[in-house]
Structure formats: C-alpha cells, structure tokens
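Written out below as structure tokens is the structure these notes cover.
Number of protein chains: 2
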Amino acid sequence: PRSVEFREGKVHIIDQLLLPKEFKVISLETVEEVARAIKTLQVRGAPAIGATAAYGLALLAEKSKMENKEKFLDEFYRAFEVLKNTRPTAVNLFWALNRIKDIVEEHREESLDKIKSLIVEEAHKIADEDVEANLRMGHYGAEILPEGNILTHCNAGSLATVHLGTVGAALRVMHREGKLRLLWVDETRPVLQGARLSAWEYHYDGISLKLISDNMAGFVMQQGRVDAIIVGADRIVANGDFANKIGTYSLAVLAKEHNIPFFTIAPLSTIDMSLKSGKEIPIEERPKEEVLTCGGCKIAPDVDVYNPAFDVTPHKYLTAIITDKGVVYPPFERNLKKLFE
Amino acid sequence: PRSVEFREGKVHIIDQLLLPKEFKVISLETVEEVARAIKTLQVRGAPAIGATAAYGLALLAEKSKMENKEKFLDEFYRAFEVLKNTRPTAVNLFWALNRIKDIVEEHREESLDKIKSLIVEEAHKIADEDVEANLRMGHYGAEILPEGNILTHCNAGSLATVHLGTVGAALRVMHREGKLRLLWVDETRPVLQGARLSAWEYHYDGISLKLISDNMAGFVMQQGRVDAIIVGADRIVANGDFANKIGTYSLAVLAKEHNIPFFTIAPLSTIDMSLKSGKEIPIEERPKEEVLTCGGCKIAPDVDVYNPAFDVTPHKYLTAIITDKGVVYPPFERNLKKLFE
Chain A
33 PRSVEFREGK VHIIDQLLLP KEFKVISLET VEEVARAIKT LQVRGAPAIG ATAAYGLALL
93 AEKSKMENKE KFLDEFYRAF EVLKNTRPTA VNLFWALNRI KDIVEEHREE SLDKIKSLIV
153 EEAHKIADED VEANLRMGHY GAEILPEGNI LTHCNAGSLA TVHLGTVGAA LRVMHREGKL
213 RLLWVDETRP VLQGARLSAW EYHYDGISLK LISDNMAGFV MQQGRVDAII VGADRIVANG
273 DFANKIGTYS LAVLAKEHNI PFFTIAPLST IDMSLKSGKE IPIEERPKEE VLTCGGCKIA
333 PDVDVYNPAF DVTPHKYLTA IITDKGVVYP PFERNLKKLF E
Chain B
33 PRSVEFREGK VHIIDQLLLP KEFKVISLET VEEVARAIKT LQVRGAPAIG ATAAYGLALL
93 AEKSKMENKE KFLDEFYRAF EVLKNTRPTA VNLFWALNRI KDIVEEHREE SLDKIKSLIV
153 EEAHKIADED VEANLRMGHY GAEILPEGNI LTHCNAGSLA TVHLGTVGAA LRVMHREGKL
213 RLLWVDETRP VLQGARLSAW EYHYDGISLK LISDNMAGFV MQQGRVDAII VGADRIVANG
273 DFANKIGTYS LAVLAKEHNI PFFTIAPLST IDMSLKSGKE IPIEERPKEE VLTCGGCKIA
333 PDVDVYNPAF DVTPHKYLTA IITDKGVVYP PFERNLKKLF E
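Protein chains in written order, with our numbering: chain A, 33 to 373; chain B, 33 to 373.
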C-alpha cells in the first residue's frame, strides 16, 4: 500500500509519529491539516512531502466551493504559500508545488472545472512518477552497491516516499537478489526515524538488520563490518553537495576514513540546479523539545540545545549519486548537468 | 559533596539512573548491593567505579562477623571476585580492587582487626587520592585546552569520579578563569550520560552549554564552532590507544578531519601498561533494552541490536593525554612509560 494517497476528496497518510507503536492511517480534509501534518512530521521524507503537498492542492481543487475562477485562484495561491512554508530544506516540496502551479498558469484560460481537474491529475502524476522513479532507482542502486553489509541512516524507505522508498527500493531489490547480508540501521536522533520507521519497515519485509545508536556507526566501520553506506537526500545541488538528515555528514567523514563507498539516492525532483553549492541550502532548526525528549520521555534538564534537522555533505565524500535516470559519478557538476539536458 | 562516600558502615552513592529527574543518595549495605549498583549503572564512570568497589571491600571489613582470619580472607576473596566481575572495560575497577588485595597480602601476618582497618584505610586513600588527582588534572587540562568552545561526550564530571571529575575538573577551572565560552554536550546514547548527567551538573555550575544529539557533533565542527574536544577514558593502554564511551572514536575521526585538537584526561589508575594495544581491551556489550528504549520509553520494534558500551580510539587521533602527573604528548608509548618510572 502507498504511504500517501488521495481518494474521496481526502489525503490519506500513515501517521509516522505513532509508529512503531501504532499503525494508523489518518485522513486530512483541509489544506491546513495537510500543512500541519507536514510541519509536525506526521508525514516526512522528501518525496513523500512533495506528493502530500501536491495532494493538498488537489484537495483544494476538489473541495473548493469557489465558482469564480479568480477567487479560486486567490485561494489556490494562498494554499500554495501555506504549504510552501511548512519546511525549508527538502526541495521536493517546492518542486511538486511549482509543478502544479505551472500547470495552472499554463492553462489559465481554460474553464475553472478544467483547471481543477488538471490540478488533481497532475498531483496523481507526481505520486505515480515517484513510485516508478523508485523502481528504477532501486535497480540502479542494487547494481552498484556491493554485496554484503549496508549501513543506512534515517528513513528513506517506503514511508519516506509514495511507495518502496529510494534507499528502500535499492535495499529491497538487493534483499530479493540475496545480496544484502545485514542492514545496519542508525536510530537517527532526535526524531528516531531509523529506530521507529526503518527498523519497522525493513524488519517487516524480512530484511536481516541490527539497530544501533548513531554514535556506534564509526565503531562498526572500524571493525570492517560495513561494506557500503547509502542514504537519501533532501536536496542535492549543482555541484553534488547534498542536504540530508542530521548525522549524514558524520557518516560521510567516517566512510572516507575507512574507505567505505558512500552513496546518496534520490529522484531528479530532489536535485536543485539553481543552487551552486551546499552552503546555500537553508537548514531547518526544529524545536528544542525534540532534543530534550526521546520517544516521548523527558531525558534532560531544561538546558539550551541546538537542533538542526539536516546537515550538508560536501560532494567530495560521495562515491556516486543514484538517480532515476542512472548513476552519476564525479565530476558531479558536469555529470548532474547532463541529466537535465 | 562527594559522589561516593563511606560512612557508618555504608557506601553512599548518588543514584545516577534517577538523574536528572531525581537527586537521590542511596546507601549500599552489602557487597552484593555494591556489585549490583555498579552493574546497573547506578554508579558509573571509571574512577567512581574504582572507589565504589574499594569501599565495597571496606564495607565487608567493617561488617564481617568472621572472627577467624582464614574465614574472613575466604569471604574477602569471594567479595573481590564478585566486585571484579561487574564490568569488564574500565581498568580503575581492577586497579582499586588489586590495590586493596595487595595491602591484605602484604599484611597477612597481622591481626584480623589490623587487616580490617588497613582495608578501610586504603579504600579511603583511593577515594581521597582521586579527588587530589582531579584537582591536579584540572589545572593541567585548563592550561593546554584552547580558550573557546569545548565539546565533550558522556560524563567524566563530578558524578563519574569521587569529586570534580576529570573532564569536569578541567572545565571547571577553565570556567573559573573565563576561558570556557561554550560547552557542547553530546547526549551520549544509549544511556544518555551527556543529557542526563553532564548537562545537569555543568548547568548547575553555571557553565554555558548546548546539548546536542551525538550525530550533530560533526555538523557543529564543520561550522567551525568547536575549538577542542575533551573526553574521559575507561582504559588507556601502553601505546596510547584508549577505550571510552561508545561514540568517542567517531568524534576522534571527525576531530582529525577538522583539525580540532582532541584530548583524553584520566588519572594514572586508568592507564593499563600491561596491554600493548587497544585491540586487547575487552569491550562490554550491554543489554539490547538500552538501545530499544530511551529514557524509559520504548522507541523501536523488537529487532536485533548491537550495543557495545565502549569503543577504542587509536592513539594517532590523540593530541595529548592529560594525567595527574602532567600532560603526555606523542610518542605515547615512550612518554607513558616515563610516568611510571
């Protein structure tokens, strides 16, 4: 089943904050509910956020009572802004919203009904294409990842996308082909996407895994028990630098120290050619409560914290970028450009 | 007040599992209670464990009803074994127990009362010397640490020793001298000694600090916001390799990548000249529940975990080792030897 769906005028998502204690699909009925679900991380993962936001606009198109085109468009642009301002780092959100805005603007002269149906259609396309992209990426990834023990961080699995995942697709193909011996899952503090989501979904699929605290990854590498590291991405820029869940940069440095190949995997919608270097990517800081608590328990006195949700890994640490249009090797600046030609 | 005390025939410790929610001093009345407190981490930190175990033998000496010397010695050796088998990695435990055993064996011909009082006396000496060692180390540390932002991992503060701490002493001296701008405190999963203990004790002392998840340390270094890293040690061996809380090795690699000086600080009782390299240090693996839970909350489905409590940092990552007999620079093998001449 898909992690994000749009049926009967509602956006259905798996509430990722309740996992792994409870598997619950919730229905979002307004743009504000969709925005809140993105902001609070009920839905997270760059591609999943993109599809959910697109469906937020589809929801508006199906439910809006505006019969005047201009008034509907006002409402549309307001919804666009509300959804755009939910999270700053992952670029798929802006990519999906802009794709729908472009369709609307291209067809501005059409009837209101036509525009509304084009919005819904485009949102479904975004979601369907994500699934297809994951399938392709999964095969590219499984082909270049070495057989053996793979380490991953955060969750770039089925839950982070519409279906299958980016990292998730590659791991599932490897698992099916008998190439995945053991998966090391970083718990991924502070929000525990590794412990709560990756451990849950990969264990469910029968993949042999071991959960570790983030700070154990280096020791496991030192012991020679990691053959490759693969992570998702929230934004990849023109020179190959990329933002991903906090902790990714540390893994990249550790991978280099141990000569372990290090990959990111993401669809083209994650690539932002408008930024030249990773230094330009805005990094979201999240509430201090995420660091002061863990899985709902208070773990520290009320002190100051720093809570960046992402970090930026310079491209020099990357072995290759796996996309739905093939594997990109260094020099990334030249080779990423070719993807868009 | 000291973290470990022996009065009125009882060993008094701060129950570190209850911090920071509750500050509670508990009294241990039997060797078995002392052993359990060490095993369950009610008392932790290499020097604190050493002193607590020594007081465990003092407790036996004061309370034993044996009036026959041979029978008392049987009881003593049984207690020695029970205490020795609590935790495998930190060497201060064995050092403190052996120090008392040596005293007993040297004075085997004395009266039983004399032997008992020598045991109690030696245990007090071990504790007092720890406090003095920390004071000296604190000054050596504050002298060579650069002014600015310091990052630490786990807790090597007052709670980890009899008083003041190893890292804690250095930080406190720096703070008093106005040299400590900001302290970055790693939360230190899985047992959260950073979030629960370091954040608590340094905040209490008015040190300006920010708590971070372990996986944020690399990003903070990348931003140029760390001037030095200092950690404690559970065992330093002849070539300068050392075991410390899991996550230390990753910090060492990250420090090297960012040209940040990296220090460990420990009393001579932490140095084990009988082992040549860090590969020989036994690494304790702890129960899976520590990884599957956090601060008392369940955070993951019931999957396999790997839970090493320590890792080993090769000496090549170390800028210097700060001891109570001065600062040791490379080549460590030669210079550590000199300490014991």
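The beta-carbon is built from N, C-alpha and C at its ideal position, and this holds for glycine as well.
Nearest-angstrom Cα distance between residue i and residue j?
i	j	result
B:I70	B:T118	6 Å
A:A122	A:I268	9 Å
A:E233	A:S309	33 Å
B:R318	B:N339	6 Å
A:Q225	A:N187	5 Å
A:K56	B:E54	36 Å
B:A231	A:L115	37 Å
B:I135	B:S143	13 Å
B:K369	B:E179	30 Å
A:P314	B:F274	38 Å
A:V337	A:K330	14 Å
A:A93	A:F295	39 Å
B:H17	A:I176	Here chain B has residues from 33 to 373 only, and residue 17 of chain B is not among them.
A:T325	A:F104	42 Å
B:K311	A:E161	50 Å
B:Y236	A:Y172	53 Å
A:V359	A:N367	10 Å
A:I46	A:R68	14 Å
A:V66	A:L129	13 Å
A:T280	A:V344	8 Å
B:S301	B:E64	24 Å
B:A352	B:N181	18 Å
B:H347	B:K95	44 Å
A:M305	B:P33	59 Å
A:S240	B:D259	41 Å
Measure the CB-CB distance between residue i and residue j and report whether it falls below 8 Å.
i	j	result
A:W127	A:G77	no
B:A265	A:P52	no
B:I354	B:I297	yes
B:M206	B:A165	no
B:L286	A:V323	no
B:P79	B:T193	yes
B:F372	B:N271	no
B:L203	B:L191	no
A:K146	A:H139	yes
B:A111	B:I151	no
A:P299	A:D356	yes
B:V335	A:L50	no
B:I303	B:F342	no
A:L196	A:V163	yes
A:A159	A:V36	yes
A:V199	A:V263	yes
How far does the alpha helix (DSSP H) with residue i in it extend, from its first residue to its last?
i	result
A:R110	K101 to K116
A:N19	A query on residue 19 of chain A cannot be resolved here, the shown segment of chain A reaching from 33 to 373 and no further.
B:F126	N124 to E138
A:S59	From DSSP, A:S59 is part of no alpha helix (DSSP H) but of the beta strand (DSSP E) over V57 to L60.
A:R68	V63 to K71
In the DSSP assignment, the beta strand (DSSP E) including residue i goes from what residue to what residue?
i	result
B:I297	F294 to I297
B:E365	Not the beta strand (DSSP E): B:E365 falls in the alpha helix (DSSP H), residues F364 to L371.
B:E37	V36 to R39
A:N344	The identity of residue 344 of chain A in the sequence shown is Val, whereas the question assumes Asn. Start and end: F342 to T345.
A:T121	Careful: A:T121 lies outside any beta strand (DSSP E) and carries neither H nor E.
B:T84	Segment A78 to K95 is the alpha helix (DSSP H) holding B:T84; no beta strand (DSSP E) there.
A:G180	G180 to T184
B:G358	G358 to V360
A:T280	Unbroken run through A:T280 is the alpha helix (DSSP H), T280 to E289; no beta strand (DSSP E).
B:H44	K42 to I46
Inspect the CB distances between the segment 243-260 of chain A and the segment 212-231 of chain B and report whether three or more fall short of 8 Å.
-> As far as the Cβ criterion goes, the segment 243-260 of chain A touches the segment 212-231 of chain B, which means the pair count is three or higher.
Residues from the segment 254-286 of chain A in contact with chain B, defined by Cβ distance under 7 Å = Closer than 7 Å at the C-beta level to chain B, one finds these residues of the segment 254-286 of chain A: Q254, I278, G279, Y281, S282, V285 and L286.
Quick one: any contact between the segment 145-158 of chain A and the segment 81-95 of chain A, if contact means 3 or more CB pairs under 8 Å?
-> In this structure the segment 145-158 of chain A lies against the segment 81-95 of chain A, because at least three pairs of beta carbons, one per stretch, are closer than 8 Å.
Residues from the segment 306-337 of chain B in contact with chain A, defined by Cβ distance under 8 Å | Among the residues of the segment 306-337 of chain B, those with a Cβ less than 8 Å away from any Cβ of chain A are V323, L324, T325, C326, G327, G328, C329, K330, I331, A332, P333, V335, D336 and V337, in the order of the chain.
May I ask you to list, following chain order, the residues of the segment 217-233 of chain B that have a beta carbon less than 9 Å from some beta carbon of chain A?
-> Taking 9 Å as the Cβ-Cβ cut-off against chain A, the residues of the segment 217-233 of chain B that qualify are V217, D218, E219, T220, R221, P222, L224, G226, A227, R228, A231 and W232.
Can you list, in chain order, the residues of the segment 45-77 of chain B whose Cβ is nearer than 8 Å to any Cβ on chain A?
-> Per Cβ criterion, the list reads P52 and K53.
Cβ contact check for the segment 196-212 of chain A and the segment 96-115 of chain A: 3 or more pairs under 8 Å = Touching, no, given that fewer than three Cβ pairs across the two stretches are closer than 8 Å.
Return the residues of the segment 106-129 of chain B that lie within a Cβ-Cβ distance of less than 7 Å from chain A, sorted by chain order.
-> Listed in sequence order: no entries.
Interface residues of the segment 238-249 of chain B facing chain A [CB-CB below 9 Å] | Correct list: S240, L241, K242, L243, I244, S245, D246, N247, M248 and A249.
Going along the segment 288-304 of chain B in order, which residues come within less than 7 Å of chain A, judged by CB to CB distance?
-> Close to chain A, meaning a Cβ-Cβ distance shorter than 7 Å, are the following residues of the segment 288-304 of chain B: E289.
Members of the segment 346-373 of chain B near chain A, C-beta cut-off 8 Å = Taking 8 Å as the upper bound on Cβ-Cβ separation, chain A lies near no residue of the segment 346-373 of chain B.
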